[in-house]
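Peer 1:
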Amino acid sequence: MRYFQPEYECISSEEMRTLQLERLRALVSYAYERIPFYHDSFDTAGFDPLSLSSLDDIERIPFTLKQDMRDAYPFGMFAVPRKDVVRIHASSGTTGTATVVGYTQHDLDVWADCFARCLVEDGATSESVVQIAYGYGLFTGGLGAHYGAERLGATALPMSSGNTKRQIQLMQDFQSDILACTPSYALNIADAAIASGLNPARDFPLSGAILGGEPSSNGVRREIEEKLGINVVDVYGLSEIMGPGVACECTRHTGLHVADDHFLIEIIDPVTLKHVAPGEWGELVVTTLTKECSPLVRYRTRDITRIITGEPCPCGRTNTRIDRMRGRSDDMLIIRGVNVFPSQIEQVITGFPDVASHYQIVLTTKGVLDEISLRVEPIETFDFDEVRKIEDLQRDIAAELKSELQIKVNVHVVEPRSIERYEGKAQRVLDLREKGE
Amino acid sequence: MIEQVTVFIENERGRLASLCRTLGDAGIQMHALMVADTSEFGVVRIVCDAPVKASRILKERGYRSSLANVVAVEVPDVPGGLASVLESLAHHDVNVEYAYCFALNGMTVDILKVDGENIVDKLTATGFHLLQPADLYTSREH
Chain A
1 MRYFQPEYEC
11 ISSEEMRTLQ
21 LERLRALVSY
31 AYERIPFYHD
41 SFDTAGFDPL
51 SLSSLDDIER
61 IPFTLKQDMR
71 DAYPFGMFAV
81 PRKDVVRIHA
91 SSGTTGTATV
101 VGYTQHDLDV
111 WADCFARCLV
121 EDGATSESVV
131 QIAYGYGLFT
141 GGLGAHYGAE
151 RLGATALPMS
161 SGNTKRQIQL
171 MQDFQSDILA
181 CTPSYALNIA
191 DAAIASGLNP
201 ARDFPLSGAI
211 LGGEPSSNGV
221 RREIEEKLGI
231 NVVDVYGLSE
241 IMGPGVACEC
251 TRHTGLHVAD
261 DHFLIEIIDP
271 VTLKHVAPGE
281 WGELVVTTLT
291 KECSPLVRYR
301 TRDITRIITG
311 EPCPCGRTNT
321 RIDRMRGRSD
331 DMLIIRGVNV
341 FPSQIEQVIT
351 GFPDVASHYQ
361 IVLTTKGVLD
371 EISLRVEPIE
381 TFDFDEVRKI
391 EDLQRDIAAE
401 LKSELQIKVN
411 VHVVEPRSIE
421 RYEGKAQRVL
431 DLREKGE
Chain B
1 MIEQVTVFIE
11 NERGRLASLC
21 RTLGDAGIQM
31 HALMVADTSE
41 FGVVRIVCDA
51 PVKASRILKE
61 RGYRSSLANV
71 VAVEVPDVPG
81 GLASVLESLA
91 HHDVNVEYAY
101 CFALNGMTVD
111 ILKVDGENIV
121 DKLTATGFHL
131 LQPADLYTSR
141 EH
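Chains A and B are the protein sequences, given in the same order. Position 93 of the first sequence, counting from 1, maps to 93 under this note's numbering, and the rest follow consecutively. Position 75 of the second sequence, counting from 1, maps to 75 under this note's numbering, and the rest follow consecutively.
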C-alpha cells in the first residue's frame with residue numbers, strides 16, 4: 001500500500017490550488033455567517049468574504065490568535081448547533097484558559113483519513129498493529145491516532161501513555177509494528193527496554209514509529225532510530241487545528257507532507273506578518289478548509305518552520321512539504337536580550353556522543369542579569385575516572401553553545417538518571433528568574 | 001594493575017555517607033578512599049576487597065560507578081620513599097594522572113593512575129614491588 005488517498009496525495013498542484021480556492025471561498029463565507037468572532041474581525045478589517053478571487057487574496061484576511069479562541073471559551077467559536085457536535089477536545093490550559101475544539105462526525109471522518117494517510121506514509125498497512133502510546137483524553141494525540149489506525153483497517157492497540165513495562169510487554173506479545181507517541185516517550189520506552197536487558201532493535205517487532213506532539217532534534221530522532229532499529233517519521237498537528245495528522249513525513253524524510261485538501265498553509269514573518277519568500281523560515285499559519293464545527297481562518301500556530309522547495313519527494317506525493325518544526329515562537333527564551341530556542345541547545349547536545357539526550361535548561365537571575373545553566377547526564381560508558389575529562393566535556397559543550405547562541409551557558413554534568421524522565425511532553429526548561437516589575 | 005572503584009557523585013549533603021553505608025551493608029571492606037572534588041561534583045575513588053561486587057552493587061543502587069585500572073606500588077616507608085618512585089616513573093616517561101597513599105598490613109601503598117605504553121613493563125623495570133589483585137581482594141566475584 002503506497003497511498004491511502006492518492007486522489008488527494010498525488011494530485012497536480014494546479015488541481016490542488018483550484019480545489020483549495022473553491023474550499024477557501026466557501027469557508028470564509030461559512031465562518032463569517034456562523035461565528036460572531038469572524039463576522040466582527042472581517043468587518044473590522046474591511047474584508048468582504050465574497051471578494052476572494054484568488055489564493056493570494058488570503059493576505060487580506062485577518063489572523064486568528066490563540067487568545068481569540070480563549071476569549072470564546074467554551075463554545076463561542078462553534079459553527080454548528082450543539083446537536084451536531086459529536087466530540088470535544090481541549091488544550092491543557094496550563095498557560096491560560098483552555099482552548100476548546102468541537103468536531104462533527106464529518107470532522108472526525110476527515111481527521112481519521114488524515115491520520116490514516118500518515119500511517120501509510122510510515123509504512124503501515126491494514127495488517128499492522130498500531131501501538132498508541134499517546135495520552136488518551138482531552139489531548140488529541142491518543143484518539144487521533146486511534147481512529148486513524150481503525151480507518152486504515154489496521155489494529156489499534158489503545159495503550160495510552162505510561163506504564164512503560166506493560167508497553168514493552170504487550171508490544172512483544174501482540175507484535176506491534178507501528179508505535180505512535182511523543183518522541184520523548186519513544187526514547188523513554190527504548191531506554192527502559194535497554195535497562196531491562198532487552199535490545200529493542202532486535203527484540204521489538206516494530207517496523208516504524210510515528211512521533212509527534214513536541215518538536216525533537218535530528219539527534220534525538222537518530223538516537224530513537226538507532227535504539228529501536230526503525231525508521232521514525234514526524235507527524236504534525238495542533239489541537240486547535242484538529243490534532244495529529246495535519247502534515248506527516250514519509251519514510252524518505254524529505255519534509256512533512258501537508259494534507260493540502262483540508263489545510264491551507266502559509267509561512268509568515270512573525271514581526272512583519274507578511275509572507276516570507278519560499279523556503280525561508282517563519283511562523284506557520286493554517287486555515288482549515290473543510291472543518292465544520294471549529295473552522296479556523298489564518299490561525300497563527302506559533303510554530304517555526306519553512307516550505308521545502310526543490311525536487312518533489314520520490315514517494316510520489318505532490319503535497320506541499322514543510323520542514324520539521326524548529327521550535328515555537330512561544331517557547332522562545334529571551335536571555336540577556338538574545339532569542340534562544342531550546343531546540344538549538346538540543347541540537348548542540350546531540351553533537352556530543354558522551355552525553356545522553358536527556359537535558360534540562362535552568363534559568364536564574366544573578367544580580368540584574370539572566371543566567372542560563374544546562375544540566376546534562378554522561379552516557380553509561382563515559383570514563384569519568386579523571387576529573388579533567390568531565391571538566392573538558394563541560395567546557396567543550398559550553399564553547400559550542402557559545403558559538404551557536406552567542407551567550408555563555410554554564411554546563412553541569414550531573415549524576416545519571418537525575419534528570420526527570422517524562423511520559424508526555426518534556427518539560428525541558430526550568431525558569432526560576434525573578435520577574436521584574 | 002588492580003581494579004579501583006570510581007563513583008561520580010554530586011555535591012549533596014549525605015551523598016558520600018550513603019555511598020559508604022551502601023558498601024558497608026554489603027560487607028565490603030574499604031582499604032582506601034579518595035575524593036577528587038570540584039565545586040559541583042566529586043569523583044570518589046575506592047580500593048576495596050571486592051571491587052567488581054562493589055561496583056555492581058553501587059550501579060544497582062543508582063550510582064554512576066565504574067572500574068578503573070590503576071597501579072598499586074609498595075613504597076619504602078622512609079623519607080623520600082614516594083619521591084623515588086615518582087622520579088623513576090618520570091625517568092621512564094610514565095605520566096601520572098593522580099596518586100594517593102594508604103597503609104595496609106604494615107605496608108605503605110601508593111595508588112597511581114598512569115598512562116603511556118607498556119606501563120607494567122616500565123614499572124617492573126623500576127624494580128619496585130607492584131601489588132597484585134590477590135594482595136588486596138578477598139573476593140573476585142563477578
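In this text, a Cβ means the ideal position worked out from N, Cα and C, and glycines have one as well.
Could you tell me whether the Cβ atoms of residue 130 of chain A and residue 145 of chain A are closer together than 8 Å?
Peer 2: Closer than 8 Å, so yes.
Peer 1: Check whether the Cβ of residue 292 of chain A lies closer than 8 Å to any Cβ atom in chain B.
Peer 2: Taking Cβ atoms only, chain B never reaches closer than 8 Å to residue 292 of chain A, which makes this a no.
Peer 1: As a quick exercise: from A:66, A:251, A:193, pick the residue whose alpha carbon is nearest that of residue 90 of chain A.
Peer 2: The option with the nearest alpha carbon to residue 90 of chain A is A:66.
Peer 1: Where in the region 15-75 of chain B do unbroken runs of the alpha helix (DSSP H), each at least 4 residues long, occur, reported from the N-terminal end onward?
Peer 2: 15-25, 51-60, all fully within the region 15-75 of chain B.
Peer 1: Could you spell out the range, first to last residue, of the beta strand (DSSP E) harbouring residue 16 of chain A?
Peer 2: First-last for residue 16 of chain A: 13-34, but that is the alpha helix (DSSP H), not the beta strand (DSSP E).
Peer 1: Mark residue 3 of chain B as exposed unless 16 or more other C-beta atoms lie within 10 angstroms of its C-beta, in which case mark it buried.
Peer 2: Under this definition residue 3 of chain B is a buried residue.
Peer 1: In whole angstroms, give me the CA-to-CA distance for residue 434 of chain A and residue 375 of chain A.
Peer 2: So the two alpha carbons sit approximately 20 Å from each other.
Peer 1: Could you tell me the alpha carbon to alpha carbon distance between residue 304 of chain A and residue 266 of chain A, rounded to whole angstroms?
Peer 2: Looking at the two C-alpha atoms, the distance is approximately 11 Å.
Peer 1: How far does the alpha helix (DSSP H) with residue 301 of chain A in it extend, from its first residue to its last?
Peer 2: Taken as a continuous stretch (DSSP letters only), residue 301 of chain A belongs to no alpha helix (DSSP H), being part of the beta strand (DSSP E) at 299-305.
Peer 1: With burial defined as no fewer than 16 other Cβ atoms inside 10 Å of the residue's Cβ, what is the status of residue 46 of chain B: buried or exposed?
Peer 2: Buried, by the Cβ-count rule.
Peer 1: Please determine if the region 346-363 of chain A and the region 247-263 of chain A are in contact, where contact requires at least 3 C-beta pairs separated by less than 8 Å.
Peer 2: Too few Cβ pairs lie closer than 8 Å, so no.
Peer 1: Please list the terminal residues of the continuous beta strand (DSSP E) segment that includes residue 366 of chain A.
Peer 2: Here the beta strand (DSSP E) through residue 366 of chain A covers 355-366.
Peer 1: For residue 66 of chain B, return the contacting residues in chain A, with the cut-off set at a CB-CB distance below 8 Å.
Peer 2: Neighbours of residue 66 of chain B on chain A, chain order: 383, 384, 385.
Peer 1: Below 8 Å, can you find three or more Cβ-Cβ pairs linking the region 135-154 of chain A to the region 276-292 of chain A?
Peer 2: The region 135-154 of chain A is not in contact with the region 276-292 of chain A.
Peer 1: Looking only at DSSP bridge pairs, what is residue 4 of chain B linked to?
Peer 2: Answer is B:68.
Peer 1: Only counting the same chain, and skipping five residues up and downstream in sequence, which positions put a Cβ closer than 6 Å to that of residue 229 of chain A?
Peer 2: These residues qualify, in order along the chain: 201.
Peer 1: Any C-beta of chain B within less than 9 Å: which residues of the region 396-425 of chain A qualify?
Peer 2: Residues passing the 9 Å Cβ filter: 412, 413, 414, 415, 416, 417, 418.
Peer 1: Mind checking whether residue 108 of chain A and residue 80 of chain A have CB atoms under 8 Å apart?
Peer 2: Contact: no.
Peer 1: How about residue 65 of chain B and residue 6 of chain B: are their beta carbons less than 8 Å apart?
Peer 2: Yes.
Peer 1: With a cut-off of 8 Å, does the C-beta of residue 62 of chain B fall near any C-beta of chain A?
Peer 2: At least one chain A Cβ lies under 8 Å of residue 62 of chain B.
Peer 1: Please determine, among B:96, B:111, B:28, the residue with the shortest C-alpha to C-alpha distance to residue 58 of chain B.
Peer 2: Out of B:96, B:111, B:28, B:28 has the C-alpha closest to the C-alpha of residue 58 of chain B.
Peer 1: Assign residue 75 of chain A to buried or exposed, taking buried as 16 or more other Cβ atoms, counted over all protein chains shown, within 10 Å of its Cβ.
Peer 2: Flag for residue 75 of chain A reads exposed.
Peer 1: On the DSSP letters alone, give me the boundaries of the beta strand (DSSP E) that residue 389 of chain A sits inside.
Peer 2: Looking at the DSSP string, residue 389 of chain A is not in any beta strand (DSSP E); the run it does join, the alpha helix (DSSP H), is 387-405.
Peer 1: Could you give the residue range of the alpha helix (DSSP H) that holds residue 55 of chain A?
Peer 2: First-last for residue 55 of chain A: undefined, no H or E at that position.
Peer 1: Beta carbon of residue 63 of chain A, beta carbon of residue 298 of chain A: below 8 Å?
Peer 2: The answer is yes: Cβ separation under 8 Å.
Peer 1: Is there a Cβ from chain A that is less than 8 Å from the Cβ of residue 127 of chain B?
Peer 2: Cβ-Cβ to chain A under 8 Å: no for residue 127 of chain B.
Peer 1: So for residue 168 of chain A, helix, strand or coil by DSSP?
Peer 2: Of the three classes helix, strand and coil, the one that applies to residue 168 of chain A here is helix, per DSSP.
Peer 1: Which chain A residues are close to residue 43 of chain B, counting only those with a beta carbon under 9 Å from its beta carbon?
Peer 2: Here the neighbours are 384, 385, 386, 387, 390.
Peer 1: Roughly how many whole angstroms lie between the Cα atoms of residue 130 of chain B and residue 182 of chain A?
Peer 2: Residue 130 of chain B and residue 182 of chain A: Cα-Cα distance of roughly 55 Å.
Peer 1: Helix, strand or coil for residue 287 of chain A? Go by DSSP, reduced to three states.
Peer 2: Here residue 287 of chain A sits in strand by DSSP.
Peer 1: Taking only runs that begin and end inside the region 156-200 of chain A, name each unbroken beta strand (DSSP E) of 3 or more residues, in chain order.
Peer 2: Correct list: 178-181.
Peer 1: What is the C-beta distance between residue 85 of chain B and residue 122 of chain B, in whole angstroms, given that I count them as a contact (C-beta under 8 Å)?
Peer 2: Going by Cβ atoms, the distance from residue 85 of chain B to residue 122 of chain B rounds to 12 Å, so no, they are not a contact pair.
Peer 1: At a Cβ threshold of 8 Å, is residue 54 of chain B touching chain A?
Peer 2: Not an interface residue.
Peer 1: According to DSSP, residue 131 of chain A sits in a beta bridge with which residue or residues?
Peer 2: Note: residue 131 of chain A sits in a beta bridge opposite A:157, A:179.
Peer 1: Closer than 7 Å by C-beta to residue 217 of chain A: which residues in its own chain qualify, once you throw out the five before and the five after it? Chain order, please.
Peer 2: Closer than 7 Å at Cβ, skipping near neighbours: 343, 346, 347, 350.
Peer 1: Under DSSP, the beta strand (DSSP E) around residue 263 of chain A begins and ends at which residues?
Peer 2: Per DSSP, residue 263 of chain A belongs to the beta strand (DSSP E) from 263-268.
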